[in-house]
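Report on the following structure.
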Amino acid sequence: MALSIKYFARVRDALGTSGETLAWNATWQTVDDLRQALCARGGAWAETLSREEIHCARNQQIAAWNDPIADGDEIAFFPPVTGG
Amino acid sequence: MALSIKYFARVRDALGTSGETLAWNATWQTVDDLRQALCARGGAWAETLSREEIHCARNQQIAAWNDPIADGDEIAFFPPVTGG
Amino acid sequence: MAKDAVTIRVQSEDFDPGVETQRLHEADPTVGAVATFLGLVRAHPQEDGAVTTMTLEHYPGMTEKALAAIVDEARRRWPLTAVTVIHRVGPLAVGDRIVFVGCASSHRAAAFAACEFLMDYLKTRAPFWKKETTASGETRWVKARASDEERALRW
Amino acid sequence: MAKDAVTIRVQSEDFDPGVETQRLHEADPTVGAVATFLGLVRAHPQEDGAVTTMTLEHYPGMTEKALAAIVDEARRRWPLTAVTVIHRVGPLAVGDRIVFVGCASSHRAAAFAACEFLMDYLKTRAPFWKKETTASGETRWVKARASDEERALRW
């Protein structure tokens, strides 16, 4: 299986991609573990995926950083919402 | 001169008239003096014009019972409003 | 706010909430928020004696002044670009529109607050009276509600 | 409230506030109050770089779920007979409609409160993002406002 990762709005623009499929890594326990793995790519990834500036959704529901993650999840990273 | 008196809604129905012209009486100083003079007619007048159950407007503005009254005024008595 | 951005009407004819909503913002590109309230004659399914018609009486002359004073107070309290208040009078049936209040502003907090304030003040300070007619033909004056007075005192 | 009395739409097409307001009450004679909110793309006359267009991005799939959860919460808190939430996505110009929220109830307090609650929650919990384009062609993502978060925390 794998994770489906999505990026929106300013996060997508900064990373230059709207999403990717990532092989599952059994050491990831929380969505923050995934975030840190992405930050470890350095450059725009480290700059953009600071947990102070973005939100995360797990399977299309807002997630807290210490929420569990599981193989097959759809995980999204995005800036604070500005609709309405 | 004279006073123009108007009655609305339940007050009008109870008194059987929508209004009247009343000769000015120089002893009236407040709208409550006028109300008491009308109550002195007895019957439906005394029953209907109790100051606990009605409101008063002087020259088309909500009035307090001790507001002054003057010759030529338009005075209205009506129940609490129920529009909207 | 230009004087012509205030609309106050007391009328027996029906009105169109869509047209009124559009009028509240179409002339001013700085409007970001329009809050509206529409009041209707409603059926009271739980109460004794179903209401079939409602008659709205008012105090011509004073009504317009009272509504203008209420709108002035709202404009004093909040930055509004346009305000509309329409109140019908005469006989109405269940489902008919009674009242429309709409407030336009740059921001939603002002639009919402002013719209609710206007309804609370209109309910307790504008000289309108409702008389209900039940299915059996009986008529009764609607009683004022203490809860309306309490709501108006919040502001 | 019947399930079909809830309308949630995310669409690029415009909508008609008059039609939506009518739909909120026409099927139910117990509705006495309809509160609505209309949000528009507004010009910012004081700010540097006049906005000419706005692009609304969203998270397809999650958006609908988030709006449904917000509406469910409103229905849990207030007695509502009908609720409508419409939010546009894609490119919009100054003056264009962005969002419509309407709540119908027997009484106005519930309709007003639910409508304002829905807007506050939508503004802070539904995955929409605005990008502005200025007259010079520059684009910028709109920043979230702390005041919106504070308003949502009132409820």
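Chains as they are written, first to last, in the numbering used here: chain D, 35 to 118; chain U, 35 to 118; chain E, 1438 to 1592; chain L, 1438 to 1592. Heads up, the beta-carbon is just placed ideally off N, CA and C, and yes, glycines get one too. Just so you know, these numbers come straight off a predicted model, no measurement behind them.
As a quick exercise: from the options, pick the residue whose alpha carbon is nearest that of residue i.
i, options, result
"A1547/E", "F1474/E, L1517/E, V1488/E and L1555/E", "L1517/E"
"T51/D", "A78/D, T116/D, S84/D and A57/D", "A78/D"
"V1447/L", "M1491/L, A1464/L and P1497/L", "P1497/L"
"G53/D", "G117/D, F112/D and G118/D", "F112/D"
"R1545/L", "S1584/E, W1592/E and E1501/E", "S1584/E"
"S38/D", "S84/D, G106/D and G118/D", "G106/D"
"S1543/L", "G1574/L, Q1459/L, G1469/L and T1521/L", "G1469/L"
"K40/D", "D101/D, V115/D and C90/D", "C90/D"
"P114/U", "W1578/E, G1539/E, A1572/E and A1530/E", "W1578/E"
"T82/U", "A36/U, R46/U and D67/U", "R46/U"
"R1525/L", "S1449/L, T1444/L and A1442/L", "S1449/L"
"K1580/L", "K1567/L, L1590/L and G1574/L", "K1567/L"
"T116/D", "E1494/L, V1471/L and G1539/L", "E1494/L"
"R1514/E", "L1529/E, F1549/E and T1571/E", "F1549/E"
"A60/D", "R44/D, M35/D and A80/D", "M35/D"
"G118/U", "V1471/L, E1463/L, L1475/L and E1587/L", "V1471/L"
"A1589/L", "D1465/L, E1463/L, D1533/L and I1507/L", "I1507/L"
"G1574/E", "L1559/E, A1487/E, Q1459/E and I1445/E", "A1487/E"
"M1556/L", "D1441/L, R1591/L and F1452/L", "R1591/L"
"L1559/L", "E1586/L, A1442/L, V1443/L and T1444/L", "E1586/L"
Along the chain, where does the alpha helix (DSSP H) containing residue i start, and where does it finish?
i, result
"F1549/L", "R1545 to R1562"
"G1455/E", "P1454 to H1462"
"G77/U", "G77 to T82"
"T1467/L", "Premise fails: T1467/L is in no alpha helix (DSSP H) and is neither H nor E."
"V1579/E", "Segment: none, V1579/E is in no alpha helix (DSSP H) and carries neither H nor E."
"L1590/E", "A1583 to L1590"
"E1510/E", "M1499 to R1514"
"V45/U", "A43 to L49"
"A71/U", "V65 to C73"
At what residues does the beta strand (DSSP E) containing residue i begin and finish?
i, result
"G53/U", "G53 to A57"
"V1536/E", "R1534 to S1542"
"M1491/E", "V1488 to H1495"
"G117/U", "Element bounds for G117/U: n/a, residue is neither H nor E."
"M1570/L", "Per the sequence shown, the amino acid found at residue 1570/L is Thr instead of Met. Unbroken beta strand (DSSP E) run through T1570/L: F1565 to T1571."
"I109/U", "E108 to F112"
"R1525/L", "A1519 to R1525"
"V1443/E", "V1443 to Q1448"
"R92/U", "H89 to R92"
"A97/U", "Q95 to A97"
Are residue i and residue j close, meaning C-beta to C-beta below 8 Å?
i, j, result
"L1425/L", "I1523/L", "This structure does not reach residue 1425/L, given that chain L is present from 1438 up to 1592, and the question cannot be answered."
"T1467/L", "A1519/E", "no"
"I109/D", "I103/D", "yes"
"M1491/L", "E1569/L", "yes"
"L1461/L", "A1551/L", "no"
"V1531/E", "T1489/E", "yes"
"T64/U", "N100/U", "yes"
"T1561/E", "E1457/E", "no"
"A1511/E", "F1554/E", "yes"
"R85/U", "D67/U", "no"
"G1593/L", "G1455/E", "With chain L running from 1438 to 1592 in the structure shown, residue 1593/L is simply not present."
"A1563/L", "A1505/L", "no"
"F1565/E", "F1452/E", "no"
"A74/U", "W62/U", "no"
If the cut is a Cβ gap below 7 Å, which residues of chain U does residue i touch?
i, result
"V1579/E", "T116"
Name the chain D residues that come within less than 7 Å of residue i, Cβ to Cβ?
i, result
"G1498/L", "Q94"
Which residues in chain E sit within 7 Å of residue i, going by Cβ to Cβ distance?
i, result
"A97/U", "The premise fails here: A97/U is roughly 11 Å from chain E at the closest Cβ pair, so nothing lies under 7 Å."
Using a cut-off of 8 Å between C-beta atoms, extract the partners of residue i located in chain E.
i, result
"T1458/L", "P1454, G1455, T1458, T1473 and L1475"
"A91/U", "Y1496, M1499 and P1564"
Residues of chain L with a CB under 8 Å from the CB of residue i: which are they?
i, result
"F112/D", "Y1496, P1564 and W1566"
Please list the partners that residue i has in chain L, where partner means a Cβ-to-Cβ separation under 7 Å.
i, result
"A71/D", "Under the 7 Å cutoff, chain L gives no residues; its nearest Cβ is about 22 Å from A71/D."
*Output, in sequence order along the chain, the residues in the stretch 1534-1568 of chain L whose CB is closer than 8 Å to any CB in chain D.*
I1535, V1536, M1556, L1559, K1560, T1561, R1562, A1563, P1564, F1565, W1566, K1567 and K1568
*Going along the chain, which residues of the stretch 1463-1496 of chain E sit with their C-beta nearer than 8 Å to a C-beta in chain U?*
G1476, L1493, E1494, H1495 and Y1496
_Closer than 9 Å between beta carbons: that is the criterion. Which residues of the stretch 1506-1531 of chain E meet it against chain L?_
V1531
*For the stretch 39-60 of chain U, which residues have a beta carbon sitting closer than 9 Å to at least one beta carbon of chain E?*
K40, F42, A43, R44, R46 and D47
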